[in-house]
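A short worksheet on the structure shown next.
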Amino acid sequence: GKGTYPFYMLKEIDEQPSVMRKLITKYVNEDGSMNVDPEIVKAVQDADRIYIIAAGTSYNAGYASKRTLEALTDTPVELGVASEWGYDMPLLSEKPFFIYLSQSGETADSRQVLVKTNERKIPSLTVTNVPGSTLSREATYTMLLHAGPEIAVASTKAYTGQIAALTFLAKAVGEANNKSEAFDFDLVKELSIAAQSIEATLSEKELIEEKVNEVIADSRNAFYIGRAEDYYVAMEASLKLKEVSYIQCEGFAAGELKHGTIALIEEGTPVIALISNNPKVSAHTRGNIMEVAARGANVLTVVEESMAKEDDDIIVTEVHPYLAPIAMVIPTQLIAYYASIARGLDVDKPRNLAKAVTVE
Ligand code: M6R
Numbered sequence: 245g246k247g248t249y250p251f252y253m254l255k256e257i258d259e260q261p262s263v264m265r266k267l268i269t270k271y272v273n274e275d276g277s278m279n280v281d282p283e284i285v286k287a288v289q290d291a292d293r294i295y296i297i298a299a300g301t302s303y304n305a306g307y308a309s310k311r312t313l314e315a316l317t318d319t320p321v322e323l324g325v326a327s328e329w330g331y332d333m334p335l336l337s338e339k340p341f342f343i344y345l346s347q348s349g350e351t352a353d354s355r356q357v358l359v360k361t362n363e364r365k366i367p368s369l370t371v372t373n374v375p376g377s378t379l380s381r382e383a384t385y386t387m388l389l390h391a392g393p394e395i396a397v398a399s400t401k402a403y404t405g406q407i408a409a410l411t412f413l414a415k416a417v418g419e420a421n422n423k424s425e426a427f428d429f430d431l432v433k434e435l436s437i438a439a440q441s442i443e444a445t446l447s448e449k450e451l452i453e454e455k456v457n458e459v460i461a462d463s464r465n466a467f468y469i470g471r472a473e474d475y476y477v478a479m480e481a482s483l484k485l486k487e488v489s490y491i492q493c494e495g496f497a498a499g500e501l502k503h504g505t506i507a508l509i510e511e512g513t514p515v516i517a518l519i520s521n522n523p524k525v526s527a528h529t530r531g532n533i534m535e536v537a538a539r540g541a542n543v544l545t546v547v548e549e550s551m552a553k554e555d556d557d558i559i560v561t562e563v564h565p566y567l568a569p570i571a572m573v574i575p576t577q578l579i580a581y582y583a584s585i586a587r588g589l590d591v592d593k594p595r596n597l598a599k600a601v602t603v604e
């Protein structure tokens, strides 16, 4: 049950530090080595390209994991929207490996692609929260999220769980390839730090609720902007805000805004800017903030500690760059939650939506 919580979504947001710690116990052996099925590791090693197929939040989690997977496995990662690839499979590489990301393991759009890759005998891995689910049974391999049941329609702990699970896989493959970067990346330590960062953000609920009421709750539309990994988080953040608050929201690559969409910015339009610790892009995102502010936007900043300036609104304590999406998404989950609360909506059961989409 949801205990003392008004909604499952808030309970599930709060569970994320313990999901991160649980994943450590599941995917790390006592001697610190990675506890990932060696057959999965081998299958990834043998591939010349990783294809991640997913929908909605799971799709966004795939993007958020792309950089780490590529960096540690030295294998290019391509993302596919399940509902598109079911019809039109693009030209594949010679030795593809497919990862199906799905909280429920029942998403029909993803299954449609899996049926096709199975016909072609392409090895596959389902990363899911539900053991025995359809996608898990039909793929070659399974990795579990161990996040506990996710009841709220809006997915939260599955997103961070998926990124963490794929990070374990990436490190395991990197180590199998004798890559020093993989050995140097102390995932147990870094994921523990990420769990603490999540806890620090969770202790800022009042501040976040206040900002939401001030800047977002009464708006018809809003934007999330960010660059690099922050852009991927912006996509997820905007999906979350849309589905539980019904505020029209777009997640945008901050630099792309000026190529057209900035025309939509008017007096009071909320723009939430995400800036994690990536010195290559943060100054540019700051520039984009000034551009929208000059056109009247009501800017809210979510900034990782080392990048923070005096006027920033929500500060996220520092994590390893590979885990930045896990830390940066937490304030945006709370923003969506409090926007829904402010509007008096049924947070857990948004209109028109089902938890598992079992039709194509
Ligand atoms: O169970 P899945 O992860 O396959 O579900 C995919 C999407 O339907 C799901 O993430 C959906 O977008 C959520 N409502 C997002 O919060």
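Just so you know, the sequence shown maps onto residues 245 to 604 in full-length UniProt numbering.
Note that beta-carbon positions come from the ideal geometry of N, C-alpha and C, so glycine has one too.
Values in this document were obtained by computation on a predicted structure and should not be read as measured data.
{"Item": "Less than 6 Å between the CB of Val488 and some heavy atom of the ligand M6R, yes or no?", "Value": "no"}
{"Item": "To the nearest angstrom, report how far apart Gly306 and Leu345 are at their CA atoms.", "Value": "7 Å"}
{"Item": "Can you tell me where the beta strand (DSSP E) holding Gln492 begins and where it ends?", "Value": "492 to 497"}
{"Item": "Can we count Thr312 as close to the ligand M6R, meaning its CB is less than 6 Å from some heavy atom?", "Value": "no"}
{"Item": "Under 7 Å, do Ser584 and Met551 count as touching if we go by C-beta distance?", "Value": "no"}
{"Item": "Considering only the beta carbon of each residue, do Val560 and Met572 sit closer than 7 Å?", "Value": "yes"}
{"Item": "Would you say the stretch 448 to 468 touches the stretch 357 to 374, given that touching needs at least three Cβ pairs under 8 Å?", "Value": "no"}
{"Item": "Return the CA-CA distance between Asn596 and Leu485, expressed in angstroms with no decimal places.", "Value": "15 Å"}
{"Item": "Taking only runs that begin and end inside the UniProt domain \"SIS\" (284 to 423), name each unbroken alpha helix (DSSP H) of 4 or more residues, in chain order.", "Value": "300 to 317, 326 to 329, 352 to 363, 378 to 382, 401 to 420"}
{"Item": "Helix, strand or coil for Ala517 per DSSP?", "Value": "strand"}
{"Item": "Going by C-alpha distance, which of Val547, Ala497, Glu328, Asn273 is nearest Ala568?", "Value": "Val547"}
{"Item": "Confirm, please, whether the CB-CB distance from Val263 to Ala391 is below 7 Å.", "Value": "yes"}
{"Item": "Going by beta carbon distance, what residues of the same chain come within less than 6 Å of Tyr252, once the five residues before and after it are set aside?", "Value": "Lys246, Ile395, Ala396, Asp592"}
{"Item": "Which residue from Ala287, Thr529, Ser489 puts its Cα closest to that of Arg464?", "Value": "Ser489"}
{"Item": "Beta carbon of Ala308: closer than 6 Å to some heavy atom of the ligand M6R?", "Value": "no"}
{"Item": "Classify Phe251 as helix, strand or coil using the three-state DSSP reduction.", "Value": "coil"}
{"Item": "Go ahead and pull the three-state DSSP assignment for Ile570.", "Value": "helix"}
{"Item": "State whether the stretch 453 to 471 contacts the stretch 518 to 525, with contact taken as three or more CB pairs (one from each stretch) at a distance under 8 Å.", "Value": "yes"}
{"Item": "One question on the structure: do Thr404 and Ile570 come within less than 7 Å of each other, judged by their Cβ atoms?", "Value": "yes"}
{"Item": "Quick one: what does DSSP say Phe467 is sitting in, helix, strand or coil?", "Value": "strand"}
{"Item": "Closest to Thr372 by CA distance: which of Val357, Tyr476, Thr384, Ala402 is it?", "Value": "Ala402"}
{"Item": "Checking the sheet assignment: what are the DSSP bridge partners for Asn542?", "Value": "Pro514"}
{"Item": "Whole angstroms is fine: what's the gap from Tyr249's alpha carbon to Val459's?", "Value": "25 Å"}
{"Item": "Under DSSP, the alpha helix (DSSP H) around Ile268 begins and ends at which residues?", "Value": "260 to 271"}
{"Item": "Excluding the five sequence neighbours on either side, which residues of its own chain have a C-beta within less than 7 Å of the C-beta of Lys266, listed in chain order?", "Value": "His390"}
{"Item": "Does the count of Cβ pairs from the stretch 419 to 429 and the stretch 495 to 514 closer than 8 Å reach three?", "Value": "no"}
{"Item": "Measuring only from the beta carbon, is Thr602 closer than 6 Å to any heavy atom that is part of the ligand ADP?", "Value": "Within the structure as shown, the ligand ADP is missing, the only ligands being the ligand M6R."}
{"Item": "Taking the beta carbon of Ser277 as the centre, do at least 16 other beta carbons fall within 10 Å, making it buried, or is it exposed?", "Value": "exposed"}
{"Item": "DSSP three-state call for Glu548: helix, strand or coil?", "Value": "strand"}
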